[in-house]
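Chemist: Keeping their order, the protein sequence lines are chains G and F. Under numbering that gives the first Met the number 0, the first sequence has 74 at position 75, and the numbering climbs by one with no breaks. Under numbering that gives the first Met the number 0, the second sequence has 116 at position 117, and the numbering climbs by one with no breaks. For glycine and all other residues, C-beta sits at the position ideal for the given N, C-alpha and C. Quick caveat, the model's predicted, so the values are computed rather than measured.
Number of protein chains: 2
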Amino acid sequence: MRKLIAGIVFFMSIAGISQAEVATDDYVTYRQSVFNLMGWHFKQMGAMIQGRTDYDATEFKQRAEAVAALAQMPAEGFIPETRDTQLPHHVKPEVWYQTERFDELMQGLVVSTTELAKQAGAEDKDDLRAAFGKVARQCKSCHDRYRERM
Amino acid sequence: MRKLIAGIVFFMSIAGISQAEVATDDYVTYRQSVFNLMGWHFKQMGAMIQGRTDYDATEFKQRAEAVAALAQMPAEGFIPETRDTQLPHHVKPEVWYQTERFDELMQGLVVSTTELAKQAGAEDKDDLRAAFGKVARQCKSCHDRYRERM
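1. Measure from the C-beta of Val-109 of chain G to each C-beta in chain F and report whether the shortest distance is under 8 Å.
2. Below 7 Å CB to CB, which residues in the same chain sit around Glu-80 of chain G once its five sequence neighbours on both sides are set aside?
3. If you measure between the beta carbons of Tyr-26 of chain F and Val-94 of chain F, is that distance less than 8 Å?
4. Count the other CB atoms within 10 Å of the CB of Lys-139 of chain G; is the residue buried (16 or more) or exposed (fewer)?
5. Does the contact criterion of 3 or more C-beta pairs under 8 Å hold for the region 56–74 of chain G versus the region 106–125 of chain G?
6. List the DSSP bridge partners of Val-90 of chain F.
7. Report the three-state DSSP secondary structure of Glu-20 of chain G (helix, strand or coil).
8. Contact criterion: CB-CB distance below 8 Å. Does Val-134 of chain G meet it with respect to chain F?
9. Select from the region 27–44 of chain F all residues with a C-beta closer than 7 Å to any C-beta belonging to chain G, and list them in chain order.
10. Cβ of Ala-121 of chain G less than 8 Å from any chain F Cβ?
11. Assign Tyr-26 of chain F to one of three DSSP states: helix, strand, or coil.
12. With a threshold of 8 Å between beta carbons, is Glu-20 of chain G in contact with chain F?
13. The alpha helix (DSSP H) that contains Gln-118 of chain F, what's its start and end?
14. Quick check: the Cα distance between Pro-92 of chain F and Asp-123 of chain F, rounded to an integer number of angstroms?
15. Which of the three DSSP states is assigned to Phe-34 of chain G in this structure?
16. Could you name the residues of the same chain whose beta carbon sits closer than 8 Å to that of Arg-128 of chain F, not counting the 5 residues immediately before and after it, in chain order?
17. Would you mind reading off the limits of the alpha helix (DSSP H) that contains Arg-62 of chain F?
Right, dumping it as structure tokens:
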């Protein structure tokens, strides 16, 4: 009987641990998915801005709106419990104690991408260069501080 | 000299092949990221609808808007070149020849998620059950046809 109880307790502790791990890693995968999608749409806007692909105002606007919607999402994935994840990741440890600065940069991303989405649709892509550049600088300023180079 | 040229040509062909592979697999990762994020937000709306977590009208609306924005995105990732990807995936081969049916289901997802986002914000979560259920059925009808069970 004691063995049975010990077995059940052990099973529950394992189940509990592994469930917690899955849940924590889901946050990592979640935020990585967000950044992957932002990069996808942003790069294709960049190709249009730089003239590597034809500029299509409608497509540009769709991508700018996608990026603005996505910019709202990653913050939720940065919970302190993910600090010790075993998944491969690029997050510098500074994220976990410079939270105010990090939140500001995240908010800056929301503001700059919303502005780009608002201006998107312009007939002349050159009218979008400034707003696009602001988003690019916003990405870079956060990456420089909080993203590990690989 | 001939050896050097052969070496360069070989290097370029390898580089070319591997670059093309990366590009094709990027489409797979892209669409998988979209579905991952849709699932993330949808599950948390489901927990509220089912009373497993507290209902928060503002949070529900944010998640519904996220899902509606995401619903626009996955179609772009289903290019036929990804059919033979070596990445793990759930796509049934029917997707590649039942394109009209598949596009209809994708469009149904856009419509039903947009409707849920519009209704979201309601004070009483029970008012959202029907619209939420429509999205759930839309997911399921596509999964039943085109998503391999693992």
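Modeler: Per the coordinate set shown:
1. To locate residue 109 of chain G, count along the first sequence from 1; it is residue 110. For Val-109 of chain G, the answer is no, since every Cβ of chain F falls outside 8 Å of its Cβ.
2. Position 81 of the first sequence, counted from the first residue, corresponds to residue 80 of chain G. Result list for Glu-80 of chain G: Thr-23, in chain order.
3. Taking the first residue of the second sequence as 1, we reach residue 26 of chain F at position 27. Taking the first residue of the second sequence as 1, we reach residue 94 of chain F at position 95. For Tyr-26 of chain F and Val-94 of chain F, no; Cβs fall outside 8 Å.
4. Walking along the first sequence from the start, residue 139 of chain G turns up at place 140. Exposed: under 16 other Cβ atoms inside 10 Å.
5. yes
6. As a position in the second sequence, residue 90 of chain F is number 91, starting the count at 1. In the DSSP output, where bridge partners are listed per residue, Val-90 of chain F has F:Arg-146.
7. To locate residue 20 of chain G, count along the first sequence from 1; it is residue 21. For Glu-20 of chain G, the predicted model reports a pLDDT of 38, less than 50, meaning its position is unreliable; a value from the coordinates is still stated below. Reduced to three states, the DSSP call for Glu-20 of chain G is helix.
8. Along the first sequence, one-based indexing puts residue 134 of chain G at 135. By this cut-off, Val-134 of chain G is not an interface position.
9. Thr-28, Tyr-29, Ser-32, Val-33, Asn-35, Leu-36 and Trp-39
10. Taking the first sequence and counting its residues from 1, the one referred to as residue 121 of chain G is at position 122. Taking Cβ atoms only, chain F never reaches closer than 8 Å to Ala-121 of chain G, which makes this a no.
11. Residue 26 of chain F sits at position 27 when you count from the first residue of the second sequence. Residue state, collapsed to three classes: helix.
12. Stepping through the first sequence from its first residue, residue 20 of chain G is reached at position 21. The predicted position of Glu-20 of chain G is uncertain, since its pLDDT is 38 and thus under 50; no value can be drawn from it.
13. For the purposes of this step, residue 118 of chain F is identified with residue 119 of the second sequence, where counting begins at 1. Where Gln-118 of chain F is concerned, the enclosing alpha helix (DSSP H) stretches over 98–118.
14. Walking along the second sequence from the start, residue 92 of chain F turns up at place 93. Walking along the second sequence from the start, residue 123 of chain F turns up at place 124. Cα to Cα, Pro-92 of chain F sits roughly 42 Å from Asp-123 of chain F.
15. Here the question's residue 34 of chain G lines up with position 35 in the first sequence. Correct three-state label for Phe-34 of chain G: helix.
16. On the second sequence, position 129 is the one that residue 128 of chain F refers to. Closer than 8 Å at Cβ, skipping near neighbours: Ile-48.
17. Here residue 62 of chain F refers to the residue found at position 63 when the second sequence is read from its first residue. That run of the alpha helix (DSSP H) goes 56–70.
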